[in-house]
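Enquirer: Here it is, the structure, as structure tokens.
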Amino acid sequence: MKDVLRVENLTVEFKTEEGTFTAIEGVSFRLGEQRTLAIVGESGSGKSVTSLAIMQLLAENGRVTAGDIVLDGEHLLQLPPEQIQHRILGQQISMIFQEPMTALNPILTVGDQITEVLFEHQDISKRDARARAIDVLREVGIPSPEKRIKQYPHELSGGMRQRVMIAMGLVAQPKVMIADEPTTALDVTIEAQILDLLDTLKREFKTSILFVTHDLNVVADIADDVIVMYAGEIVERGSVLDVFEKPKHPYTRGLLEAMPTLSGTTGDLPTIPGVVPSIATRPAGCRFHNRCAFVHDRCRSESPAVHRVDEQDVRCHLFDPAITRESE
Amino acid sequence: MNHRSSTGDILLDAREVTKEYRLGGAFFGARAATLTAVNRLTFSVRRGETLGVVGESGCGKSTLGRVLLRLEDPTSGSVAFEGEDIVRYDHRKLRALRKDMQFIFQDPYSSMNPKMTIRDIVLEPLDNYRKDLSVARKERLAGDLLEMVGLTRDMMRRYPHEFSGGQRQRVVIARGIALNPKFVVCDEVVSALDVSVQAQVINLLADLKQRLSLTYLFISHDLRVIRHVSDRVMVLYLGQIMELAPADELYEGPLHPYTRSLLGAISKGDPRNRQERVILRGEIPSPLNAPRGCPFATRCPIAEARCHEEKPPLVERSDGHAVSCWLV
Chain E
372 MKDVLRVENL TVEFKTEEGT FTAIEGVSFR LGEQRTLAIV GESGSGKSVT SLAIMQLLAE
432 NGRVTAGDIV LDGEHLLQLP PEQIQHRILG QQISMIFQEP MTALNPILTV GDQITEVLFE
492 HQDISKRDAR ARAIDVLREV GIPSPEKRIK QYPHELSGGM RQRVMIAMGL VAQPKVMIAD
552 EPTTALDVTI EAQILDLLDT LKREFKTSIL FVTHDLNVVA DIADDVIVMY AGEIVERGSV
612 LDVFEKPKHP YTRGLLEAMP TLSGTTGDLP TIPGVVPSIA TRPAGCRFHN RCAFVHDRCR
672 SESPAVHRVD EQDVRCHLFD PAITRESE
Chain W
191 MNHRSSTGDI LLDAREVTKE YRLGGAFFGA RAATLTAVNR LTFSVRRGET LGVVGESGCG
251 KSTLGRVLLR LEDPTSGSVA FEGEDIVRYD HRKLRALRKD MQFIFQDPYS SMNPKMTIRD
311 IVLEPLDNYR KDLSVARKER LAGDLLEMVG LTRDMMRRYP HEFSGGQRQR VVIARGIALN
371 PKFVVCDEVV SALDVSVQAQ VINLLADLKQ RLSLTYLFIS HDLRVIRHVS DRVMVLYLGQ
431 IMELAPADEL YEGPLHPYTR SLLGAISKGD PRNRQERVIL RGEIPSPLNA PRGCPFATRC
491 PIAEARCHEE KPPLVERSDG HAVSCWLV
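For the record, the sequence lines run as chains E and W. Counting from 372, one number per residue, gives the positions in the first sequence under the working numbering. Counting from 191, one number per residue, gives the positions in the second sequence under the working numbering.
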């Protein structure tokens with residue numbers, strides 16, 4: 372299978388008054404053609420920093436200090452900013468956000484926001500652009516798109532605004548769409564509609580999706596492959612079936628167990644003790660060691676390498692083949 | 191929290207509770223509109239139980255919590271607490287009542303004064319109601335409360351910004367139980383928390399309920415959390431009760447088409463079982479423009495002509511399982 376997006380060893384630092392902090396470190400993954408890859412993690416895991424770094428939308432004090440981002444053969448970090456702006460963003464890779472109201476321009480009509488993406492680099496007439504905008508709005512399930520293109524974002528419901536964002540993200544038929552918590556602010560019945568829509572559009576537009584979320588239930592529904600992030604690192608990677616059915620990393624296992632289920636759980640929920648460390652207080656050794664039920668001496672001092680187990684990758688000393696062999 | 195109430199006596203009894211808001215005014219000839227946030231709700235809360243209230247945005251669940259505690263006055267209807275109609279209470283009696291009924295908010299940060307120490311935040315209700323207590327006694331009590339919610343005494347001198355989201359939620363819970371209330375309304379108290387911390391707070395609330403013999407009205411949009419914490423569940427849509435039943439019954443045998451749609455719309459959290467998602471079409475009507483008949487009729491997959499004309503009453507179908515639908 373061809374990789375549309377390849378991220379190698381990505382490291383991002385932020386400079387603050389308190390010093391320089393590494394937000395994400397050594398993040399590597401591949402996104403296959405027409406696949407959906409979910410990045411799942413809690414607050415402070417670095418999942419959003421990863422997607423913003425790929426889009427080159429990091430805040431001013433943030434900087435990619437190492438790594439490579441390869442989109443369909445092009446090394447994005449080596450391209451001049453004007454090329455990124457005119458040829459890549461919105462055209463070959465686009466992003467939709469959690470809060471469409473803040474991501475959409477409140478003083479532009481729906482139609483203008485969508486055609487703006489087309490005018491950015493395509494040689495297209497006003498009339499054709501308008502026709503394309505109406506088409507794409509229809510594709511994302513907006514009723515009477517001829518009327519809607521004249522409306523402003525505040526005239527639409529939350530679900531409709533998210534559909535407009537998706538239309539903007541897709542109108543240039545990008546190779547990759549990054550969706551950052553696109554359903555988190557929506558009601559459950561609307562969330563179901565949007566997830567269903569993304570899945571359909573992925574096939575129609577032949578796009579790959581990088582889906583960033585904190586919600587494992589959404590991951591179960593939409594992803595082909597999953598990356599679990601904790602405190603700025605990838606701790607587990609695998610197919611969605613493998614990660615849900617035989618999670619390897621103690622953190623992944625803890626997360627899956629801590630969720631209340633629909634079939635009814637009684638008594639105390641299993642918990643992961645403690646809290647996610649802030650960027651300034653990440654512990655030495657394995658970053659999860661102070662919350663881990665399987666912690667041993669090595670975890671406190673030595674950062675674990677990534678080990679291949681079955682079809683999964685796990686960053687945990689428990690899966691170090693050298694140790695496993697010793698104990699046999 | 192799934193302990194059935196053995197006595198079954200009624201702590202709070204709501205009859206035909208309605209809350210309307212007048213929007214707009216007579217300025218420049220603009221017509222005032224009436225928004226009915228809560229529409230003639232009749233139900234009771236049994237001593238010692240957790241009654242879950244679930245619904246999407248605009249269903250009136252937060253307004254209901256505020257009206258039951260008389261943080262807002264109902265437009266009509268009665269609320270009896272321990273047999274006395276508190277809607278008629280004057281300011282003085284209401285003040286005494288506040289000790290027994292507490293509200294725990296969803297956004298701990300905005301419900302705390304950032305300039306107050308944790309000690310002062312936790313003791314705020316005591317300063318109002320227990321002026322008889324000595325400083326030393328209050329100090330000891332603040333420490334006890336912090337320990338009860340899983341924090342430590344030495345955190346008393348610190349400020350809200352020094353705490354994580356989960357810790358702040360614990361502080362707000364400590365404040366909520368400071369006066370030893372009988373009835374606590376929890377409004378989306380775990381919604382903003384990370385999964386690993388959410389489970390800790392759910393367990394804490396269950397533990398406190400048992401130790402302090404509390405009764406909860408637990409408001410959430412999260413169907414999984416509601417299932418886990420509730421003895422009985424009330425499903426609201428556009429300010430009206432669609433279904434009210436013991437939790438197990440509601441989740442295993444939902445009767446109302448809306449409950450069935452809600453449960454069908456959410457992910458099963460199982461990547462092998464993703465095709466069964468039910469997609470409910472359309473959006474929630476504006477409460478300003480609520481349908482005349484059944485509020486759900488505009489989206490209901492089985493609605494008939496009658497549903498659009500006449501509002502169905504809430505009828506008990508079997509022991510303790512009430513539903514408002516013409517067709518079940």
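Where a beta carbon is used, it is the ideal one built from N, C-alpha and C, also for glycine. Computed from a predicted structure; not experimentally measured.
Going by other Cβ atoms of all chains shown within 10 Å of its Cβ, with 16 needed for buried, is M291 (chain W) buried or exposed?
Expert: The residue in question, M291 (chain W), is buried, as its Cβ has 16 or more Cβ neighbours within 10 Å.
Enquirer: Mind pulling the chain E residues with CB within less than 9 angstroms of H418 (chain W)?
Expert: Near H418 (chain W) (Cβ distances below 9 angstroms), the residues of chain E are P631, T632, G635, T636, T637 and L640.
Enquirer: Which whole-angstrom value describes the C-beta separation of Q564 (chain E) and G529 (chain E), a residue pair presumed to lie in contact below a C-beta threshold of 8 angstroms?
Expert: Incorrect: roughly 11 angstroms between the Cβ atoms, too far for contact.
Enquirer: Is the segment 631-651 of chain E touching the segment 202-217 of chain W, taking contact as three or more C-beta pairs under 8 angstroms?
Expert: The segment 631-651 of chain E is not in contact with the segment 202-217 of chain W.
Enquirer: Can you look up P502 (chain W) in the DSSP assignment and give me helix, strand or coil?
Expert: Coil, per DSSP.
Enquirer: How about C515 (chain W) and K501 (chain W): do their beta carbons lie closer than 8 angstroms?
Expert: Result no, Cβ atoms of C515 (chain W) and K501 (chain W) do not sit closer than 8 angstroms.
Enquirer: Looking at C-beta atoms only, is the number of pairs between the segment 658-670 of chain E and the segment 419-428 of chain W that lie closer than 8 angstroms three or more?
Expert: No, the segment 658-670 of chain E does not touch the segment 419-428 of chain W.
Enquirer: Suppose the cutoff is 7 angstroms on Cβ atoms and the five residues either side in sequence are ignored; what does the same chain contact list for S451 (chain W) look like?
Expert: Taken in chain order, the residues that qualify are V468 and L470.
Enquirer: Quick check on the DSSP output: what are the complete beta strand (DSSP E) runs of length 3 or more inside the segment 406-453 of chain E, in order along the chain?
Expert: DSSP runs (the beta strand (DSSP E)) wholly in the segment 406-453 of chain E: 407-411 and 433-442.
Enquirer: State the DSSP-derived secondary structure class of V481 (chain E), mapped to helix, strand or coil.
Expert: Helix at V481 (chain E).
Enquirer: For T240 (chain W), which option in W:T232, W:I392, W:D322 and W:A223 has the closest C-alpha, if you only look at C-alpha atoms?
Expert: Among W:T232, W:I392, W:D322 and W:A223, the Cα nearest to that of T240 (chain W) is on W:I392.
Enquirer: Listed from N- to C-terminal order along the chain, which residues in the segment 379-394 of chain W have their beta-carbon within a distance smaller than 8 angstroms of any beta-carbon of chain E?
Expert: From the segment 379-394 of chain W, only D384, V385, S386, V387, Q388, A389, Q390, I392 and N393 have a Cβ closer than 8 angstroms to chain E.
Enquirer: Taking the DSSP output, what are the residues bridged to Y601 (chain E)?
Expert: Answer by DSSP bridge pairing, in chain order: E:E604.
Enquirer: Expressed to the nearest angstrom, what Euclidean distance is found between the alpha-carbon atoms of P304 (chain W) and P350 (chain W)?
Expert: Near 6 angstroms, if we compare the C-alpha coordinates of P350 (chain W) and P304 (chain W).
Enquirer: Comparing alpha-carbon positions, which option in E:V606, E:Q427, E:E552 and E:G656 lies nearest H678 (chain E)?
Expert: Of E:V606, E:Q427, E:E552 and E:G656, the residue nearest in Cα terms is E:V606.
Enquirer: Please return the same chain residues whose Cβ sits closer than 6 angstroms to the Cβ of I455 (chain E), not counting the five positions on each side in sequence.
Expert: Cβ neighbours of I455 (chain E) beyond the five flanking positions: Q427.
Enquirer: Please confirm if T560 (chain E) has its CB atom under 8 angstroms from at least one CB of chain W.
Expert: For T560 (chain E), the answer is yes, since a Cβ of chain W falls inside 8 angstroms of its Cβ.
Enquirer: Straight-line CA distance for L429 (chain E) to K289 (chain W)?
Expert: Computed Cα separation, rounded: 48 angstroms.
Enquirer: Measure the alpha-carbon distance for I416 (chain W) versus E262 (chain W) and round it to whole angstroms.
Expert: Cα to Cα, I416 (chain W) sits roughly 25 angstroms from E262 (chain W).
Enquirer: Could you have a look at E384 (chain E) and say whether DSSP puts it in helix, strand or coil?
Expert: Looking at E384 (chain E) - three-state DSSP - the assignment turns out to be strand.
Enquirer: What's the gap between the Cα of Y427 (chain W) and the Cα of C249 (chain W)?
Expert: Spanning the two alpha carbons is a distance of roughly 5 angstroms.
Enquirer: Please look up how many angstroms separate the CB atoms of A409 (chain E) and V597 (chain E), rounded, as I've assumed it's under 8 angstroms.
Expert: That belief holds up - the Cβ atoms of A409 (chain E) and V597 (chain E) are roughly 5 angstroms apart, short of 8 angstroms.
Enquirer: Output yes if chain E places a C-beta closer than 8 angstroms to the C-beta of R348 (chain W); else output no.
Expert: No, R348 (chain W) does not count as interfacial toward chain E.
Enquirer: Helix, strand or coil: how does DSSP classify Y427 (chain W) here?
Expert: Three-state DSSP puts Y427 (chain W) in a strand.
Enquirer: Taking only the alpha-carbon atoms, compute the straight-line gap between Y420 (chain E) and T623 (chain E) and give it to the nearest angstrom.
Expert: The sequence shown places Val at residue 420 (chain E), not Tyr. Distance between the alpha carbons of V420 (chain E) and T623 (chain E) is about 20 angstroms.
Enquirer: At the level of alpha carbons, what is the spacing between L381 (chain E) and D684 (chain E)?
Expert: If you take the alpha carbons of L381 (chain E) and D684 (chain E), they lie about 17 angstroms apart.
Enquirer: Please report the residue range of the alpha helix (DSSP H) in which Y448 (chain W) lies.
Expert: Per DSSP, Y448 (chain W) belongs to the alpha helix (DSSP H) from P447 to A455.
Enquirer: Using beta-carbon positions only, say whether R365 (chain W) and I409 (chain W) come within less than 8 angstroms of one another.
Expert: No, they are not a contact pair.
Enquirer: Comparing the C-beta of P371 (chain W) with each C-beta of chain C, is any distance below 8 angstroms?
Expert: Given the protein chain composition of this structure (E and W), no chain C is represented.
Enquirer: What first and last residue would you give for the alpha helix (DSSP H) that runs through M531 (chain E)?
Expert: Note, M531 (chain E): alpha helix (DSSP H), G529 to L541.
Enquirer: Going by the CB atoms, is the gap between R496 (chain W) and G472 (chain W) shorter than 8 angstroms?
Expert: Cβ atoms of G472 (chain W) and R496 (chain W): not closer than 8 angstroms.
Enquirer: Mapping DSSP to helix, strand and coil, what is D374 (chain E)?
Expert: The answer is strand: DSSP assigns D374 (chain E) an E or B state.
Enquirer: Distance check for G355 (chain W) and L316 (chain W), CA to CA, integer angstroms please.
Expert: Roughly 24 angstroms between the two C-alpha positions.
Enquirer: If you drop the 5 nearest sequence neighbours on each side, which residues of the same chain put their C-beta closer than 7 angstroms to that of A332 (chain W)?
Expert: Within the same chain, A332 (chain W) has close Cβ partners R309, V312, L313 and M346.
Enquirer: Which same chain residues end up closer than 6 angstroms to A504 (chain E) when comparing Cβ atoms and leaving out the 5 residues on each side of it in sequence?
Expert: Correct list, in chain order: G482, I485, T486 and I520.
Enquirer: Which stretch, first to last residue, makes up the alpha helix (DSSP H) that contains V374 (chain W)?
Expert: That residue, V374 (chain W), is in no alpha helix (DSSP H); its beta strand (DSSP E) goes F373 to D377.
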